[in-house]
Every structure is written in C-alpha cells, then in structure tokens.
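A.B. asks: Numbering (the working numbering), first residue to last: 127 to 295.
My questions will all concern the structure given below.
Listed below in structure tokens is the structure:
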C-alpha cells in the first residue's frame, strides 16, 4: 500500500471485480481507451487472479482509494520494460470523483514507487488530442509532449491525433 494525503494505492482484491467491471464497461470511458467490447465478470475475476505477478503480466494495476477506503479509480503500469527501466502509465478516476486532484496525487505515489522500488528511469503515456483533462494532468505533473501520431484514433466518423508524453524520473 502506498499512502498519500487524501488517497492511497493498493493491490487489486477479489471484491474489486464489480467496481472494475462497471468502469471497464462504461462506454463513456471507451472514447479515451482502445476498448471495443464489454468484459464479463469472469474475465475481470480472472485478470485479478493473475494481476499481482508484475513480471509475468508486465503490467500492474492498483486501486486508488480515499483514505476512508472507498475505491475511486485505478492507475496502471503497462508495457513494463525491466531492461530499459520504463513503463507506460494509465489512470481512470470514477466520474463522481474527478477534478479533485486525486489523479495528481495517485500519479505522484506511482512515480515514487516506480523510481524507488523498480529503479525505473521513465514513464510514458499516449493521450488522445481531445482528452483535455489527461493533457492537463500529465503536463502539470511534469510530463513532456515529445511526439504526435497524426489521425491515430478513429471514433464516430472523426479522427484524433495521439500525443506521446514522457517523464524522466
């Protein structure tokens, strides 16, 4: 567990399956992810079973919880590369808890873990050009936009660029 001022990060637990299922199957969240189909409860439960082995899955998903223990989102590392000491980062905050700086605190806690315990030197993310909240979050957290993939995403008849951000820790 990684403790902050207003939140803490913890490993996934079996009891998180219904919450994760609702977030993963919320079509509003799909516009900024590459999700194309609904997940089943069994798929989420299976994911939770294997999720704790970071070296096997090359990803790590942590629940973001208020200090009152209520889960309000998740933050994850993906494309973990132990050799080159880097990983991608993604974050989701439940719509009822957005714009309260929880994502900023979660990102700081994750960066501290990655730097101190995994000895990583960088994190990166890809953000769709119309995702203003994520752009604001990562830029205000010291991530630098280092590239653009033109017309990378297609959604509802429109194309969107993908911004590639990186932070050297």
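Virtual Cβ for every residue (Gly too), placed ideally from N, Cα, C.
In this text, all values refer to a predicted model and were calculated from it rather than measured experimentally.
Could you give the first and the last residue of the continuous beta strand (DSSP E) run that contains residue 135?
C.D. replies: As a first step, residue 135 is located in the chain shown; it is residue number 9 there, counting from the start. Segment 133–137, the beta strand (DSSP E) holding residue 135.
A.B. asks: In terms of alpha-carbon separation, which member of 247, 227, 164, 254 lies closest to residue 267?
C.D. replies: On the chain shown, position 141 is the one that residue 267 refers to. Closest by alpha carbon: 227.
A.B. asks: Closer than 6 angstroms by C-beta to residue 236: which residues in its own chain qualify, once you throw out the five before and the five after it? Chain order, please.
C.D. replies: Within the chain shown, numbered from 1, the residue matching residue 236 stands at position 110. Contacts found: 201.
A.B. asks: Using only CA atoms, which one of 188, 176, 245 lies nearest to residue 208?
C.D. replies: Working through the chain shown from its first residue, we reach residue 208 at position 82. Nearest C-alpha to residue 208: 245.
A.B. asks: With distance defined between alpha-carbon atoms, name the residue in 281, 164, 149 nearest to residue 220.
C.D. replies: Taking the first residue of the chain shown as position 1, residue 220 is located at position 94. Closest by alpha carbon: 149.
A.B. asks: Alpha carbon to alpha carbon, how far is residue 137 from residue 204? Give it in angstroms, no decimals.
C.D. replies: Looking up residue 204 in the chain shown gives position 78. Looking up residue 137 in the chain shown gives position 11. When rounded, the distance between both Cα atoms is 15 angstroms.
A.B. asks: Mind checking residue 273: buried by the 16 CB within 10 Å criterion, or exposed?
C.D. replies: As a working mapping, residue 273 is identified with position 147 in the chain shown. Answer is exposed; the Cβ neighbour count stays below 16.
A.B. asks: What are the boundary residues of the alpha helix (DSSP H) that includes residue 297?
C.D. replies: Any property of residue 297 remains undetermined from this structure, which presents the chain solely from 127 to 295.
A.B. asks: Which residue comes first and which comes last in the beta strand (DSSP E) that contains residue 192?
C.D. replies: On the chain shown, residue 192 is found 66 positions in, with the first residue counted as 1. It spans 186–192 - the beta strand (DSSP E) in which residue 192 sits, taken as one unbroken run.
A.B. asks: Taking residue 285 as part of the alpha helix (DSSP H), name the residues at either end of that continuous run.
C.D. replies: The sequence position of residue 285 within the chain shown is 159, counting from 1. Note, residue 285: premise wrong, no alpha helix (DSSP H); beta strand (DSSP E) at 284–294.
A.B. asks: What do you get for residue 253, buried or exposed, if any count of 16 or more other CB atoms within 10 angstroms of its CB means buried?
C.D. replies: Here residue 253 refers to the residue found at position 127 of the chain shown. Buried: at least 16 other Cβ atoms inside 10 Å.
A.B. asks: Rounded to a whole number of angstroms, what is the C-alpha to C-alpha distance between residue 223 and residue 159?
C.D. replies: On the chain shown, position 97 is the one that residue 223 refers to. On the chain shown, position 33 is the one that residue 159 refers to. Those two C-alpha atoms are separated by around 19 angstroms.
A.B. asks: What number of angstroms, rounded off, separates the C-alpha of residue 139 from the C-alpha of residue 225?
C.D. replies: One-based indexing of the chain shown puts residue 139 at position 13. One-based indexing of the chain shown puts residue 225 at position 99. Roughly 26 angstroms between the two C-alpha positions.
A.B. asks: Using a 10 Å radius around the Cβ and a threshold of 16 neighbouring Cβ atoms, would you call residue 144 buried or exposed?
C.D. replies: Residue numbering aside, residue 144 sits at position 18 when the chain shown is read from its first letter. By the neighbour-count rule (16 or more Cβ atoms within 10 Å), residue 144 is not buried but exposed.
A.B. asks: Report all residues from its chain with a CB closer than 6 angstroms to the CB of residue 229; omit the five preceding and five following residues, and keep chain order.
C.D. replies: Walking along the chain shown from the start, residue 229 turns up at place 103. Within the same chain, residue 229 has close Cβ partners 217, 219, 263.
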